[in-house]
Amino acid sequence: MEAEQGLALIWDKIVAVMNYKLFDINQTPITIFSFVLFMLFLIVFFILSRVINKVVLKRVLIRFDIDRSIQFNMVRISHYIFMLLGTLLAFQFVGIDLSGLAVIFGALSVGIGFGLQNITSNFISGIILLFERPIRVGDRITVGDVVGEVASINMRSTTVQSLNNITIIVPNSDFVSGKVTNWSHGDPKVRLDIAVGVSYNSDLDTVIRALHEVADENENILRSPQHDVLFSEFGDSSWNMLLRVWIPSPQQFYILKSEINCAIVRKFREYNIEIPFPQRDLHVRSPLPVPFAAEAAE
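Quick note: the sequence shown uses this note's numbering, first residue 1117, plus one each step.
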């Protein structure tokens, strides 16, 4: 009997603590219990969103030939929608009238706008990036002096993975208001220009044929558009040639550039074509005789 009374007393204290009023919102008392319930709603919808995105959406989308960036956008937008629905249901379940909250949010929006101007700008910029898609997940971009691949587009910032496997966090507003070079936008193929100088003693037709063979023998170079070999200019100690090829993806830019340079060296050695290095002629003149001080005095 005493044990039951003790348990009842403990339960009454727990109920009293959970019903303790923290504050009022639109004449609705917010207790510890309602606050905990509100947070539980958000946590449940957050977990539900993650599960649906990872288990359902990705398994379904992977079966279709859908661009990687479109899949990312669909997953991200569905997450935002789940969290918005969870927030609205949590308010309704707790008993807070959203029509009354609209007036409060309207009054607070001015202060929040000034205090969180930078965050708000980045959030809106993130939405613009998801719908307008000037950059997409998987694109090769240049931001400032950094070249990397877009890994993810989040609410406040975009994650860029550099060529050195360094993660760079860039605010979303930089992509909307700043200058960004997108190597993959629209058409993924990229033109690659290889400059090389040859000796004035070389046979020009042999040089042109050798450069064409270098491009033809590389399987990763596109056949359409067709590659070109150009005589760009007369240098100080060489004819400056330009091999212009097209590659299928900017991700292969530096690898293919190295492959082509190595192939040019081997092909030129095969045809005995000389790649000159800068030369300077140094003429040494005999010094002028310097008169002695006595002779100068006379």
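Every residue gets a Cβ at the ideal spot worked out from N, C-alpha and C, and that includes glycine.
Setting aside the 5 residues that flank it on each side, residue 1372 is surrounded in the same chain by 1336 and 1363, each with a C-beta closer than 6 Å to its C-beta; the list follows chain order. In the structure shown, residue 1385 falls within a helical segment according to DSSP collapsed to helix, strand and coil. Secondary structure at residue 1279: coil, using DSSP grouped into helix, strand and coil.
Per DSSP, residue 1166 is one residue of the alpha helix (DSSP H) stretching across 1148-1167. Measuring C-alpha to C-alpha distances from residue 1366 to each of 1355, 1171, 1307 and 1351 identifies 1307 as the nearest. In the three-state reduction of the DSSP assignment, residue 1356 falls in the strand class, which pools E and B. Between residue 1310 and residue 1376, the CB-CB gap stays under 7 Å. By a beta-carbon distance limit of 8 Å, residue 1323 does not contact residue 1330. Their separation comes to about 11 Å. Membership of residue 1239 in any beta strand (DSSP E) is not indicated; the residue belongs instead to the alpha helix (DSSP H) covering 1233-1248. Looking at 1343, 1274 and 1256, the one whose alpha-carbon comes closest to that of residue 1298 is 1256.
Distance between residue 1359 and residue 1344, taken at the CA atoms: about 6 Å. Within the same chain, 1326 and 1391 come within 7 Å of residue 1384 by CB-CB distance, once the 5 residues on both sides are set aside. Taking residue 1254 as reference, the option from 1153, 1191 and 1267 with the minimal CA-CA separation is 1267.
Nearest to residue 1370 by C-alpha distance, out of 1346, 1279 and 1158, is 1279. Residue 1352 holds the alpha-carbon nearest to the alpha-carbon of residue 1393 among 1361, 1352, 1379 and 1305. In this chain, the alpha helix (DSSP H) harbouring residue 1333 covers 1320-1333. Under DSSP, residue 1346 shares a beta bridge with 1358. DSSP places residue 1265 within a strand segment (E or B) once states are collapsed to three.
1272 is the residue among 1252, 1202 and 1272 whose C-alpha sits nearest the C-alpha of residue 1233. Judged by DSSP in its simplified three-state form, residue 1254 adopts coil rather than helix or strand.
When DSSP reads this structure, residue 1310 sits in a beta bridge with 1359. Spatial neighbours of residue 1346 in its own chain (CB-CB distance under 6 Å, excluding positions within 5 residues in sequence) are listed in chain order as 1358.
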